[in-house]
Structures are given as C-alpha cells and as structure tokens.
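Below you'll find the structure, written out as structure tokens, and then a few comments.
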Amino acid sequence: MKRGVAERRHGEASRITVAVKRRALEVGFDAVGVASLESNAHADDLDQWLAAGYAGSMTYLHRQVEKRKRPARIVPDARVAIVTLTNYFHGATDPGFAPGVSTVSGKVAQYAWSTDYHTVIGRRLEQLATAVRELAPGARTRCYVDAGPVPERELAQRAGLGWTGKNTMLINPTIGSFTFIGVIFTDAEFVCDLPFQADRCGTCRRCLDACPTDAFVEARVLDARRCISYLTIEHAAPFRDDERRLVGDWLFGCDVCQDVCPWNIRFAEPTSDRALAVRAEIAAPDLAELLAVAPDEFERRFGDTPFERPGASGLRRNAAAVSANRRGAAL
Ligand code: B12
Ligand code: SF4
Ligand code: SF4
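Residue numbers (the numbering used here): 43 to 373.
Have a look at this one:
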C-alpha cells in the first residue's frame with residue numbers, strides 16, 4: 043500500500059478509536075480498550091485445563107475450545123475486539139440493609155446483587171456498537187457478554203485493561219477485579235492497545251490461601267469442580283455430601299478470592315451505576331421462602347436476575363445446603 047494511503051487509513055482508524063472510546067465512557071463503561079485477534083497465548087493452558095477435567099460439567103467449554111484458542115474465528119472477517127469493563131463493586135461484603143441477614147439468608151456474591159448484568163451490559167454494548175457503525179459506515183459488529191466462545195479475560199488483558207491474577211480474575215490496576223467484561227467484535231479498522239504485560243501479584247498469595255475449598259490447584263489454575271461459584275450456579279445436579287459441605291454459607295456464587303485481594307481492598311470504589319443498584323430480594327433473600335418458592339413465583343420474582351441461571355430447583359438445592367450446613371455447625 044502506498045505510504046500516503048496507509049497514513050490516511052491509520053489516521054481514520056485513530057479518529058474512530060478515540061471517538062468510540064469516548065462514547066464507551068459516555069454510555070456507562072468504566073474502562074475500554076481494543077484487542078487484536080491473534081491466537082490465544084494461553085491456548086496450551088486452556089487445553090491442559092480442559093484435559094484435567096477442571097471444567098466439570100461445563101461441557102460447553104470443550105465445544106467452544108477451538109474458537110477460544112483462535113478468537114479471529116469467532117466472527118468472520120472481524121479485525122479487532124473492543125473490550126469494556128464495568129465496575130460492580132458495592133462496597134461492604136454484607137449488603138447491610140437486611141438486618142439478621144446472617145440467620146435469615148445465605149451469602150450472595152456481589153455480581154448478583156442487581157438486575158442481571160447480561161441485560162445491563164448487553165444493552166450498553168449495543169449502544170456502543172451503534173456508535174461504531176455510525177463512525178465507520180458499512181462496518182459490522184457483534185456483541186458478547188459472558189456468552190459465546192469468547193476468551194474474555196484473555197482479550198481484556200490484550201486490550202491493556204489488566205492482568206490475570208493468581209485467582210484467575212482480570213485485575214485492573216485502578217478499578218480492581220469486581221468488573222464485568224463485555225466485548226464487541228468488528229471488521230472496522232481500529233488502533234489496538236498494547237497488552238498489559240506486568241504481573242502485579244508479585245509474591246502475594248492471599249487468594250490462594252483464603253479460598254475456603256482449596257479450589258486452586260496452583261496459581262492461575264482453578265479446579266472449578268471445587269469452586270463454590272461453579273457448584274451453586276453452573277452445576278445442575280443435586281449435591282453429593284462433600285459438595286454440600288464445600289458450599290458452606292454461600293447461597294449463590296462466592297467472593298472470597300476477590301474480597302481478600304489487596305488490589306480490591308485498596309482501589310475498588312463502590313459503583314454509583316443506577317442500573318446496577320442493589321436489590322434486597324436477591325442480595326439477601328430469605329432462605330425459608332426460597333425453600334418453599336413455586337416455579338411460577340420464582341420466575342415472577344427472579345426472572346430478570348442472575349438467579350434465573352440455576353433456576354428455582356438450583357436455588358432450592360442451594361438454600362437446603364446452606365440450611366443443612368448451619369444446622370451441622372450448630373450441633
Ligand atoms: C466458565 C466461567 C466460570 C467458571 C470457571 C472460572 C475459571 N476461573 O475458569 C466458574 C463457574 C467457576 C466461574 C466463576 C466465577 N466467574 Co466466571 N466465567 C466463566 C466464563 C464463561 C469462561 C471462563 C473460562 O473460559 N475459564 C477457563 C479458563 C482456563 O479460562 P479463563 O478464565 O478465560 O482464563 C484465560 C486467561 O486467564 C489466560 N491465562 C492468563 N495467564 C494464565 C496463566 C495460566 C497458568 C493459565 C492456566 C491461564 C492463563 O488463559 C485462559 C484461557 O484463555 C467467563 C466468560 C467468558 N466467556 O470468558 C466468565 C467470567 C470469567 N466470570 C466472571 C465472574 C464475575 C465470575 C465470578 C467472580 C462470579 C462469582 N462471584 O461467583 C467467579 C470467580 C471465580 C474465579 N476465581 O474465577 C467474569 C470475570 C470478570 C473479571 N474481572 O475477571 C467473566 C469474564 C464473565 C464476564 N463477562 O464478566 N466462572
Ligand atoms: S470463588 Fe470462592 S470457592 Fe471459587 S475459587 Fe474463589 S474463593 Fe475459592
Ligand atoms: S490476592 Fe494477591 S495473589 Fe491473589 S490476585 Fe490479588 S494480588 Fe494476586
């Protein structure tokens with residue numbers, strides 16, 4: 043390509059990149075970067091992780107592996123991924139407004155204290171994708187948030203948004219790790235960010251030591267089958283006794299390996315995002331009510347929340363486990 047043409051294209055790509063990043067902050071994202079789509083640097087790690095059986099019953103991760111290893115295959119003709127972070131930190135570990143929460147409810151991970159993030163982030167990604175298509179007429183876009191064969195943490199690191207902590211979370215040096223990742227693939231030309239190269243965990247290993255179930259096989263390798271988040275959200279079968287004991291006091295998800303991280307303790311700021319406002323009925327639901335809830339009532343109360351994924355039977359199973367664990371602890 044002639045130099046003048048290349049320079050003009052680069053100039054146009056820079057202009058679009060700057061404008062889209064500005065728009066990302068306007069629609070409510072807390073950070074944004076642009077990732078190239080070359081092959082996944084951790085493809086071998088991913089293969090080994092799956093071969094070891096650490097994905098448990100999440101068989102979709104096996105089916106998606108080729109695309110996760112080669113992100114350029116996810117959307118035909120895509121050139122880049124625009125990657126966004128949204129802070130969902132609510133401050134206190136305990137939702138606080140529910141007196142007696144420790145006896146009436148079980149613990150719920152912070153990401154689930156508000157309306158389902160797939161809806162909130164999905165809507166914002168569509169707004170941003172519209173801006174991309176306006177700035178680059180003819181461009182195509184496809185949005186993903188926690189769905190589809192997208193290696194989201196890998197792309198976020200490549201977009202310069204943070205590093206993979208020993209707890210496997212994507213940690214942003216100014217926001218922390220209580221973030222949702224959202225991604226837009228596009229065939230428009232953008233200027234990519236430099237990957238985040240540093241490992242800022244250093245010698246710290248608080249998350250590895252604090253995990254209540256010893257789910258980390260080693261730093262950055264999680265055996266999901268022992269993770270409370272997997273057991274209470276992704277795993278569909280009834281609990282075996284050992285699984286039920288692992289869940290402890292957690293009704294839905296788990297935050298321990300993030301709560302102890304110095305990057306969250308020092309830098310995470312509570313969100314003021316109105317779309318992620320805390321809802322009492324999900325942050326601190328009544329265990330006895332959950333145990334008795336009928337499927338249509340469950341749908342009415344929790345249909346637009348993260349509880350929808352395991353559904354009424356999953357939440358009943360979890361509530362029964364927390365209640366049994368408490369009775370056991372009281373004996
Ligand atoms: C499957 C899944 C889970 C599983 C497995 C988690 C895991 N650590 O692998 C379970 C159900 C346990 C889970 C739990 C949670 N999840 Co989840 N989960 C996913 C999902 C759908 C796929 C992740 C995956 O492929 N895992 C397999 C591992 C091998 O891949 P990976 O985590 O992407 O890691 C890559 C890089 O870290 C990289 N890498 C970099 N350096 C190194 C070094 C080594 C040695 C290795 C092995 C790899 C590696 O290689 C990997 C492969 O590309 C993603 C969404 C998505 N599409 O990506 C959300 C996602 C990772 N989850 C998310 C969240 C919020 C959670 C929870 C916090 C929810 C909760 N509070 O209960 C917990 C956190 C538990 C934890 N410490 O990870 C967010 C994380 C955001 C962030 N800032 O990192 C995501 C990105 C969803 C989203 N769109 O926001 N999750
Ligand atoms: S989410 Fe909880 S159970 Fe899962 S790895 Fe982190 S601390 Fe361990
Ligand atoms: S707790 Fe320490 S080792 Fe774990 S992710 Fe945070 S900084 Fe890294």
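The beta carbon of each residue, even a glycine, is placed where N, CA and C say it ideally should be. A quick note: this is a predicted structure, and the numbers were derived from the prediction, not measured.
Beta carbon of residue i: closer than 7 Å to some heavy atom of ligand 1?
i	result
PHE349	no
ILE275	yes
ILE223	yes
TRP155	no
GLY295	yes
HIS84	yes
LEU329	no
ALA114	no
VAL192	yes
SER219	yes
ASP284	no
In chain order, what residues of the same chain have a beta carbon less than 8 Å from the beta carbon of residue i, not counting five sequence neighbours either side?
i	result
ARG343	GLU323, VAL335
ASP328	VAL146, SER147
ALA61	ALA173, LEU177
Within the same chain, show all residues whose beta-carbon is closer than 6 Å to that of residue i, passing over the 5 residues directly before and after it, in chain order.
i	result
ASN209	CYS249, CYS299
VAL74	LYS63, ALA66, THR126
ARG184	VAL117, PHE227
GLN106	PRO191
ALA317	VAL162
ALA252	VAL298, VAL302
ARG182	ASP229
Could you give the DSSP three-state label for residue i: helix, strand or coil?
i	result
ALA85	helix
SER219	coil
ALA171	helix
TRP155	coil
GLU285	helix
GLY224	strand
PHE309	helix
SER271	helix
SER365	helix
VAL302	coil
VAL143	Note that VAL143 scores a pLDDT of 45, beneath 50, so its modelled location is shaky and nothing firm can be said.
THR255	coil
ILE324	helix
LYS149	strand
ILE116	coil
THR101	coil
THR161	helix
ILE336	Contrary to the premise, residue 336 reads as Ala rather than Ile in this sequence. Of the three classes helix, strand and coil, the one that applies to ALA336 here is coil, per DSSP.
GLU176	helix
GLU80	coil
Any heavy atom of ligand 3 within a distance shorter than 7 Å of the CB on residue i?
i	result
VAL302	yes
GLY204	no
CYS253	no
CYS234	no
CYS185	no
ARG308	no
TRP292	no
Would you call the CB atoms of residue i and residue j closer than 8 Å?
i	j	result
SER365	ASN306	no
PRO352	ASP158	no
TRP155	VAL320	yes
LEU79	ARG121	yes
ALA266	GLY53	no
VAL187	GLY164	yes
PHE294	VAL162	no
THR313	HIS160	no
THR123	VAL225	Note that residue 123 corresponds to Ala in the displayed sequence, not to Thr. Yes, they are a contact pair.
ALA330	PHE340	no
THR101	VAL76	no
PHE281	ALA189	no
THR221	TYR96	no
ARG367	ASP291	Position check: residue 367 holds Asn in this sequence, whereas Arg was assumed. It is a contact, given that the beta carbons lie within the stated cut-off.
ASP87	THR128	no
Would you say the beta carbon of residue i comes nearer than 7 Å to a heavy atom of ligand 2?
i	result
SER271	yes
ALA257	yes
ASN367	no
VAL364	no
VAL263	no
ASN209	yes
VAL26	Look at the range of the chain in this structure, 43 to 373, and you will see that residue 26 is not part of it.
Just to confirm my understanding: we take residue i, look at its own chain, exclude 5 residues before and 5 after, and list those with CB closer than 7 Å. What are they?
i	result
PRO141	Low confidence applies to PRO141: its pLDDT is 41, below 50, so where it sits in the model is not reliable, and the reading given next is rough at best. Here the set comprises nothing.
ALA240	TRP205
THR216	PHE309
PHE139	A caution first: PHE139 carries a pLDDT of 47, below 50, which makes its placement in the model too unreliable to give a value.
How about residue i: is its Cβ closer than 7 Å to a heavy atom in ligand 5?
i	result
THR216	As far as ligands go, the structure on display features ligand 1, ligand 2 and ligand 3 and does not contain ligand 5.
- Message: Pairs of beta-carbons, one from the segment 281 to 300 and one from the segment 350 to 368, closer than 8 Å: are there three or more?
- Response: yes
- Check whether the segment 216 to 234 touches the segment 252 to 260, taking contact to mean three or more Cβ pairs, one atom from each stretch, closer than 8 Å. no
- Query: Is it a yes or a no for the segment 67 to 87 touching the segment 162 to 176, going by three-plus beta-carbon pairs under 8 Å?
  - Reply: yes
- So does the segment 269 to 280 actually touch the segment 186 to 196, counting three or more Cβ pairs closer than 8 Å? no
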